Amino acid sequence: MLASSLPIPGHAYLVGGGIASLAAAAFLIRDGQLPGAHIHILEASDMLGGSLDGAGRADQGYVLRGGRMLNFTYRCTYDLLASIPSLEHAGRSVHDDIIAFNQQIKTHALARVVDRNGHVVDVTDLGFTEPDRLDLVELLVVPEATLGTKRVDEWFKPRFFETNFWFMWATMFAFQPWHSLVEFKRYLLRFLHEFPRIDTLAGVDRTPYNQFDSIVLPLTAWLQAQGVEFRLGSLVTDLDFAPHAATKTVERLHHTRDGASQTQVVQPHDLVLVTNGSMTASSALGTMTTAPVRPATPGGGAWALWETVAKKYSDFGRPCVFDARLGESTWESFTVTSHGTLFFDLMEQFSGNKAGTGALVTLKDSSWLLSIVLAYQPHFLNQPAGVTVFWGYGLFPDRVGDYVPKQMSDCSGAEILTELLSQLNMAEHLPAVLAEANCIPALLPYITSQFLTRAPGDRPQVVPAGSTNCAFLGQFTEMPDDVVFTVEYSVRSAQLAVYQLLKLDKEPPALYKGQHDFKVLYNALKTMHR
Numbered sequence: 001m002l003a004s005s006l007p008i009p010g011h012a013y014l015v016g017g018g019i020a021s022l023a024a025a026a027f028l029i030r031d032g033q034l035p036g037a038h039i040h041i042l043e044a045s046d047m048l049g050g051s052l053d054g055a056g057r058a059d060q061g062y063v064l065r066g067g068r069m070l071n072f073t074y075r076c077t078y079d080l081l082a083s084i085p086s087l088e089h090a091g092r093s094v095h096d097d098i099i100a101f102n103q104q105i106k107t108h109a110l111a112r113v114v115d116r117n118g119h120v121v122d123v124t125d126l127g128f129t130e131p132d133r134l135d136l137v138e139l140l141v142v143p144e145a146t147l148g149t150k151r152v153d154e155w156f157k158p159r160f161f162e163t164n165f166w167f168m169w170a171t172m173f174a175f176q177p178w179h180s181l182v183e184f185k186r187y188l189l190r191f192l193h194e195f196p197r198i199d200t201l202a203g204v205d206r207t208p209y210n211q212f213d214s215i216v217l218p219l220t221a222w223l224q225a226q227g228v229e230f231r232l233g234s235l236v237t238d239l240d241f242a243p244h245a246a247t248k249t250v251e252r253l254h255h256t257r258d259g260a261s262q263t264q265v266v267q268p269h270d271l272v273l274v275t276n277g278s279m280t281a282s283s284a285l286g287t288m289t290t291a292p293v294r295p296a297t298p299g300g301g302a303w304a305l306w307e308t309v310a311k312k313y314s315d316f317g318r319p320c321v322f323d324a325r326l327g328e329s330t331w332e333s334f335t336v337t338s339h340g341t342l343f344f345d346l347m348e349q350f351s352g353n354k355a356g357t358g359a360l361v362t363l364k365d366s367s368w369l370l371s372i373v374l375a376y377q378p379h380f381l382n383q384p385a386g387v388t389v390f391w392g393y394g395l396f397p398d399r400v401g402d403y404v405p406k407q408m409s410d411c412s413g414a415e416i417l418t419e420l421l422s423q424l425n426m427a428e429h430l431p432a433v434l435a436e437a438n439c440i441p442a443l444l445p446y447i448t449s450q451f452l453t454r455a456p457g458d459r460p461q462v463v464p465a466g467s468t469n470c471a472f473l474g475q476f477t478e479m480p481d482d483v484v485f486t487v488e489y490s491v492r493s494a495q496l497a498v499y500q501l502l503k504l505d506k507e508p509p510a511l512y513k514g515q516h517d518f519k520v521l522y523n524a525l526k527t528m529h530r
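Position one of the sequence shown corresponds to residue 1 (full-length UniProt numbering), numbered consecutively onward.
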């Protein structure tokens, strides 16, 4: 039995129902020996999964606000999923399912980037000049602390943002020139091993279905079987801390449910784990005939809670750095459900990839900077035969289209498809594609807020100094070297919080650091000179 600081089996209150909280609950049970019935997850919405979502039906249209790629270096995530039973295959884990799927369906994109004429671009040449290479190498070795709040475009020359490398890197990870140079540096180091195959994305691991069906559903099913309580529709609004200057101990948790205010008393040996901030907060959906309607008052929920508790202690972070710059953090995605295979057939002819074997197809000259990906089908557990689903997004939703004279954010699903097919020189097939398609746009005001320029202290530590029973989880915590906008970051924060608060003699799996591997370093530098 692992040693724990809990004198008796305490309770754990997890604020937010995203992957960070679900992972924390699993680690509390698996490694902390906490009974499942003592774990309570409070989620404001009516479903779990947070930003790892996927919902809908064939007749109404499926919706994926975002998509996540996995990688063999996601050690915390794979450690977690190796403990969760598969829903489809007895005797196998979710991790087993993912590995088996990727052994069967290999990713090797043949049309990673497309130009304004609808031609596939040869991106084996990354397009660097010698000054670009020198800037990259210098960034890799310069201490992070010296970069301050610099933006990416304050380090690189304007031509860098026209290279094949930038178009692939920016759309693979959703980086913008105004995003944090510190985060960009972390990404370069974290994925240095992927440089030689950045043009094919052959190093990407996919889930058999969308991430909700492949990860959230089996994880939730396992937690339910352990007795974990899910309080859906519970919006946490505040935390009360004991009035001690030297420590931080939560005493009460305030939330609303069914319109009624409620207070949860928290004992000193209980735990409170809070997901602060949300990349998919205030998202708005459109339809095939209507554009998404921007929320009149964005924010609320996880952002409002963070704003409230951050006023109590100076080391609880500065949420205003991330939630008050919507012009720098917004982009728009879209999910297309088709009762037929026409678009998939056209894309297979165009790209040379069967669905599931390609990766992002980026239209580099499109004013919206559109990218699409056709996953292996079916992409949803309940997806009928003959129905196909694909996903895409535009990094510049406030720009006017090249073929549709409107901002992407003001476009209906039909108008987005019109722009997409026109960019691909497939406009002659537009009537037939529209006839069988349902395109649902999703406007996401905070989707890259975690990439915004920041300073030390803007994000709280997972377990703040002096905390006896409280931790922060998710994308807006500070963990050295690892990178946000990944499932791994949320899961690592959960594992770290559980191990530290319970004082377990355990550490999360070591962070993969390819820069310490001579072969990885050599291959990356060699790739820069392609």
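Even for Gly, the Cβ is constructed at its ideal location relative to N, Cα and C.
Just so you know, these numbers come straight off a predicted model, no measurement behind them.
Asked: Residues of its chain near Asp410, where Cβ-Cβ distance is below 8 Å and the 5 sequence neighbours each way are ignored; Found: Ala291
Asked: Arg112 burial status per 10 Å Cβ neighbour count (16 or more: buried); Found: buried
Asked: DSSP-derived helix/strand/coil call for Leu6; Found: Summary for Leu6: the model assigns pLDDT 47, below 50, so the residue's position carries little reliability, and this model does not support an answer.
Asked: Beta-carbon proximity check, Arg294 vs Ala304, cutoff 8 Å; Found: no
Asked: Buried versus exposed call for Pro268 [16 or more other C-beta atoms within 10 Å across all chains shown]; Found: exposed
Asked: Rounded C-alpha distance that separates Thr337 from Val266; Found: 46 Å
Asked: Residue interval of the beta strand (DSSP E) (run including Ser333); Found: 331-338
Asked: With 16 other Cβ atoms within 10 Å as the buried cut-off, status of Asp199; Found: buried
Asked: The ligand MN heavy atom lying under 7 Å from the CB of Thr280; Found: Absence of the ligand MN from the depicted structure is noted, as is the absence of any ligand whatsoever, leaving it without description.
Asked: Short Cβ contact (8 Å threshold) for Ser449 with Met279; Found: yes
Asked: Candidates Pro464, Phe191, Leu201, of which the one nearest Gly358 by Cα; Found: Leu201
Asked: Whole-angstrom C-beta distance between Ile416 and Val63, which should lie under 8 Å; Found: No, Val63 and Ile416 are not in contact; Cβ-Cβ is about 14 Å, not under 8 Å.
Asked: Sequence-distant residues of the same chain with beta carbon closer than 6 Å to Asn276, five excluded per side; Found: Trp306, Phe472, Phe476
Asked: Option nearest Pro218 by Cα separation, candidates Pro460, Gly32, Leu381, Leu511; Found: Leu381
Asked: Boundaries (first-last residue) of the beta strand (DSSP E) holding Asn276; Found: Counting along the chain, Asn276 falls outside any beta strand (DSSP E), and DSSP gives it neither H nor E.
Asked: CB contact flag (Val216, Leu48, <8 Å); Found: yes
Asked: Under the three-state DSSP convention, the category Pro85 falls into; Found: strand
Asked: Bridge partners - Phe390, DSSP secondary structure assignment; Found: Val336
Asked: Cβ-based burial, Pro431 [other Cβ within 10 Å; buried from 16]; Found: exposed
Asked: Per-residue burial, His89 [other beta carbons within 10 Å of its own, 16 or more giving buried]; Found: exposed
Asked: Straight-line gap, Asp158 to Phe241 (C-alpha atoms, nearest Å); Found: For clarity, residue 158 is Pro in the given sequence; the question names Asp instead. Those two C-alpha atoms are separated by around 49 Å.
Asked: CB contact flag (Val152, Phe128, <8 Å); Found: no
Asked: Val123 (DSSP reduced to helix, strand or coil); Found: coil
Asked: Asp135 versus His529: straight-line alpha-carbon distance, rounded; Found: 13 Å
Asked: As assigned by DSSP and simplified to three states, the class of His244; Found: coil
Asked: C-beta atoms of Gly118 and Val373 nearer than 8 Å; Found: no
Asked: Lys311, buried or exposed, once every other Cβ within 10 Å from all chains shown has been counted against 16; Found: exposed
Asked: Residue environment, Tyr522, which counts as buried when at least 16 other CB atoms sit within 10 Å; Found: exposed
Asked: Range covered by the alpha helix (DSSP H) that runs through Cys320; Found: 320-323
Asked: Sub-8 Å separation of residue 540 and Val272 beta-carbons; Found: Residue 540 is absent from the structure shown; the chain starts at 1 and stops at 530.
Asked: Option in Asn164, Arg116, Gln104 with minimal Cα separation from Asp125; Found: Asn164
Asked: Per-residue DSSP class, three states only, for Arg459; Found: coil
Asked: Euclidean distance between Cα positions of Leu6 and Thr247; Found: Since pLDDT at Leu6 reaches only 47, below the 50 mark, its modelled position is unreliable, and no value is offered.
Asked: Range of the contiguous beta strand (DSSP E) that encloses Gln262; Found: 260-265
Asked: Burial state of Glu162, where buried means 16 or more other Cβ atoms lie within 10 Å; Found: exposed
Asked: Asp59 - partner residues in DSSP beta bridges; Found: Beta-bridge pairing links Asp59 to no other residue.
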